[in-house]
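Accompanying notes for the structure given below.
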Amino acid sequence: MPWPSNIPHDLRLKLEELERSRWQAKPADIWGVVQEWLEKHQVEVPADLPLRPRPKMPGHE
């Protein structure tokens, strides 16, 4: 099944709800809404999902 060309209606409603909140949504807030939606619809996590690089610790190579 191909990706939709627009945001699914129920996800759009959740994002609009977040937009109307009293505080400015941060990327983690938006990701939380998207992650919840993906889990609700049983979307599998891709095996090669890019992750943020770990910060290098001083003294460790």
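Taking this note's numbering, the leading residue of the sequence shown gets 1196, the next gets one more, and so forth. Beta carbons: idealized from backbone N, C-alpha and C, even for Gly.
Kindly indicate which three-state DSSP category residue i falls into: helix, strand or coil?
i	result
Ile1225	helix
Gln1236	The residue asked about is misnamed: residue 1236 is His in this sequence, not Gln. Coil at His1236, not helix or strand.
Pro1205	The displayed chain sequence assigns Asp, not Pro, to residue 1205. It is helical.
Leu1244	coil
Gln1219	coil
Going by Cα to Cα distance, which pick from the options is closest to residue i?
i	options	result
Leu1150	Pro1197, Met1196, Asn1201, Leu1206	For residue 1150 there is no data in the structure shown, the boundaries of the chain being 1196 and 1256.
Pro1241	Lys1251, Gln1230, Pro1248, Pro1250	Gln1230
Excluding the 5 residues flanking residue i on each side, which residues of the same chain have their C-beta closer than 7 Å to its C-beta?
i	result
Gln1219	none
Gln1237	none
Below 8 Å, can you find three or more Cβ-Cβ pairs linking the stretch 1223–1232 to the stretch 1196–1213? yes
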